[in-house]
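Q: Take a look at the following structure, please.
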Amino acid sequence: MQSFFEWLESWPLSVGLRESSWMFPAFESVHVIAIALVVGSIMIVDLRVLGLASRSERVTELSQTVLPWTWGAFAVALISGFCMFASKAHAYFGNTSFQIKMLLMAAAFVNMLAFHFIPYRSVSSWDEGASAPPLARLACGVSLTLWVFIVVMGRWIGFSIEG
Amino acid sequence: MLHSFASWLSQTPASQIIQNVLWIIPLVQTLHILAIAVVLSSVAMIDLRIFGLAGRRATMMQTADRYVPWLWWGLLVLALTGATLITGEPVRSLTNPAFQIKMLLLLGAMAVTISFQRSVRKNAVVWDTRVRSSASIRVAAVGTLLVWFAIAVAGRWIAYMVLEY
Amino acid sequence: MKKILLAVSAAMLVSVAVAHHSAAMFDHSKIVTYTGVVKEFQYTNPHSWLQVLITGPDGKTVEWGFEAEGPSSLKRIGIEAKTFKPGDKVTIVANPMRDGRPAGAWITATTSDGKVYNSRPAPPPGSAPPANKG
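Protein chains in written order, with the numbering used here: chain A, 4 to 166; chain B, 61 to 225; chain C, 2 to 135.
Structure follows, in structure tokens:
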């Protein structure tokens with residue numbers, strides 16, 4: 004593991020991120036904007052299923068038009084995040100807030116799969132109005148909570164990163 | 061003058077509390093980021109409607125009525141959390157070039173938002189029939205989103221452009 | 002809606018409390034001064050670290066790390082990567098870590114030629130040092 008981290012940290016991009024005066028802030032900025040779009044778009048879909056917003060839109064139509072952009076933003080967040088991680092891999096890997104953030108994201112992923120393979124199967128019967136089944140609402144409530152935690156942990160990495 | 065105001069602010073009890081209770085700034089920054097998510101996504105959803113990529117069943121006015129309130133509530137949270145962050149570190153924020161640029165861009169973005177709201181109310185029919193073929197509207201939509209992105213970038217750069225503490 | 006806001010606020014407070022324990026927190030009410038030899042100056046983003054070998058009164062040598070801002074901020078106050086070279090003698094004034102680990106928040110570093118390098122301009126007397134490092 005140690006030599007893997009050293010290898011990541013030896014990449015020219017990693018060196019650049021550590022030593023350049025503008026590259027790290029640039030990657031961070033892209034990362035924050037991407038995260039804002041991921042979390043904001045997920046909120047839009049979650050609030051719809053919870054029946055708290057956009058009730059006049061069909062669940063399927065809203066999620067089919069919004070979620071591709073969520074994935075696009077997520078890809079940008081993942082790539083920018085990975086580059087920052089690689090620049091001080093051993094330090095980020097050992098950082099508690101980073102670890103918790105990754106675990107929460109894994110949980111959010113599992114939650115999303117559960118939502119799509121279980122309650123979402125019957126979406127045609129609750130596509131209109133605010134009548135989503137309890138399991139769908141639970142998954143969306145969990146999703147909102149997890150993503151708030153994820154943002155908190157992400158911000159705390161900046162305050163706690165060592166080395 | 062800005063500097064003496066900032067120095068005065070840093071000596072107030074409110075400022076001292078924010079500086080000394082260590083979890084306040086990270087928590088307030090997190091709320092700030094969540095509000096950014098609400099604002100950017102609201103602008104993006106309006107833009108998706110303008111480009112005919114989402115919410116096509118709704119009229120432009122309905123889309124504006126749905127997302128613009130979230131935008132303004134998000135901005136209110138940003139103003140309150142922002143004011144808290146400034147109060148905690150007045151000199152660091154107010155004398156900061158990145159912060160100053162951010163505020164100027166913000167004024168621009170708010171002016172565009174108000175102008176958009178007015179236009180949709182006055183010219184609802186035009187918005188629903190001609191907007192997708194209007195290049196200037198689409199350019200303005202993308203341009204506005206980029207300005208909001210620039211505001212977020214300037215915000216991140218505050219940490220890197222600190223001239224004084 | 003209220004239940005969601007409550008759950009979300011609770012989640013945030015809990016996670017901030019949890020994160021607090023693992024943070025690299027410095028005790029801003031304490032100041033330590035050490036003289037030692039530079040082992041390495043990690044002039045990097047997001048934070049730079051001046052690694053210094055300090056020999057205690059017991060004769061044991063401990064490596065201390067002193068944290069400062071990244072290159073963007075340090076360059077502006079005249080600190081370059083080559084300002085502190087391995088083997089240089091240095092006197093550091095810092096806020097130590099709360100948990101006693103050999104690390105601190107760099108306040109000033111004085112090189113053997115007498116030059117003093119603040120990692121940031123000194124705050125006005127009576128006010129707490131900046132809490133925002135991120």
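All C-beta atoms, glycine included, are put in the ideal place defined by N, C-alpha and C.
Where do the ends of the alpha helix (DSSP H) carrying residue 157(C) lie?
A: No statement about residue 157(C) is possible, as the shown extent of chain C runs from 2 to 135 and does not include it.
Q: Residue 79(B) bridges to which residues according to DSSP?
A: The partner list for residue 79(B) (beta bridge, DSSP) is empty, contrary to what the question assumes.
Q: Inspect the CB distances between the stretch 32 to 50 of chain C and the stretch 181 to 201 of chain B and report whether three or more fall short of 8 Å.
A: No, they do not touch.
Q: Hey, quick one: how far does the beta strand (DSSP E) through residue 90(C) stretch, first residue to last?
A: 90 to 97 is the extent of the beta strand (DSSP E) around residue 90(C).
Q: Report yes if the C-beta distance between residue 62(C) and residue 54(C) is below 7 Å; otherwise report no.
A: It is a contact, given that the beta carbons lie within the stated cut-off.
Q: Could you check whether the Cβ of residue 73(C) sits closer than 7 Å to any Cβ belonging to chain B?
A: Answer yes: the Cβ-Cβ gap between residue 73(C) and chain B drops below 7 Å somewhere.
Q: Answer yes or no: do residue 145(B) and residue 98(B) have a C-beta to C-beta separation smaller than 7 Å?
A: No, they are not a contact pair.
Q: Going by CA-CA distance only, name the one from 92(B), 122(B) and 93(B) that's closest to residue 105(B).
A: Checked all of 92(B), 122(B) and 93(B); the closest Cα to residue 105(B) is 122(B).
Q: To the nearest angstrom, report how far apart residue 161(A) and residue 128(A) are at their CA atoms.
A: Using only the alpha carbons, I get a separation of about 45 Å.
Q: Is there contact between the stretch 129 to 148 of chain A and the stretch 47 to 58 of chain A, where contact requires at least three CB pairs shorter than 8 Å?
A: With the cut-off at 8 Å, the stretch 129 to 148 of chain A and the stretch 47 to 58 of chain A touch.
Q: Can you pull the chain B neighbours of residue 121(C), defined as C-beta to C-beta under 7 Å?
A: Those within 7 Å of residue 121(C) in chain B are 225.
Q: Is the beta carbon of residue 119(C) less than 7 Å from the beta carbon of residue 106(C)?
A: No. Outside cutoff.
Q: Would the beta-carbon of residue 107(B) fall within 7 Å of that of residue 205(B)?
A: Against a cut-off of 7 Å, the Cβ pair of residue 205(B) and residue 107(B) comes out as a contact.
Q: For residue 1(A), which residues in chain B fall below 8 Å Cβ to Cβ?
A: Since the first and last residues shown for chain A are 4 and 166, residue 1(A) lies out of range.
Q: Please confirm if the stretch 17 to 24 of chain A is in contact with the stretch 71 to 84 of chain C, defined as three or more CB-CB distances below 8 Å between the two stretches.
A: The answer is yes - the stretch 71 to 84 of chain C touches the stretch 17 to 24 of chain A, with three or more Cβ pairs under 8 Å.
Q: Are the Cβ atoms of residue 120(B) and residue 187(B) separated by less than 7 Å?
A: Against a cut-off of 7 Å, the Cβ pair of residue 187(B) and residue 120(B) comes out as a contact.
Q: May I have a chain-ordered list of the beta strand (DSSP E) segments no shorter than 3 residues that lie completely inside the stretch 88 to 152 of chain A?
A: The stretch 88 to 152 of chain A contains no whole beta strand (DSSP E) run of 3 or more residues.
Q: Does the stretch 141 to 158 of chain B come close enough to the stretch 168 to 176 of chain B that 3 or more CB-CB pairs lie under 8 Å?
A: At 8 Å Cβ cutoff, the stretches do not touch.
Q: Go ahead and pull the three-state DSSP assignment for residue 112(B).
A: Coil at residue 112(B), not helix or strand.
Q: Who are the Cβ neighbours of residue 163(A) in its own chain at under 8 Å, not counting the five residues just before and after it?
A: So the qualifying residues of the chain are 98, 99 and 100.
Q: Would you tell me roughly how many angstroms separate the C-alpha atoms of residue 23(C) and residue 103(C), rounded to the nearest one?
A: Bear in mind that the predicted position of residue 23(C) carries a pLDDT of just 37, short of 50, making it unreliable; the figure below should be weighed with that in mind. Near 16 Å, if we compare the C-alpha coordinates of residue 103(C) and residue 23(C).
Q: Go ahead and pull the three-state DSSP assignment for residue 204(B).
A: DSSP places residue 204(B) in helix when its eight states are reduced to three.
Q: Using three-state DSSP, classify residue 14(A) as helix, strand or coil.
A: In the structure shown, residue 14(A) sits in coil (DSSP, three-state: anything other than H, G, I, E or B).
Q: Measuring straight from C-alpha to C-alpha, what distance separates residue 92(B) and residue 38(C)?
A: Residue 92(B) and residue 38(C): Cα-Cα distance of roughly 42 Å.
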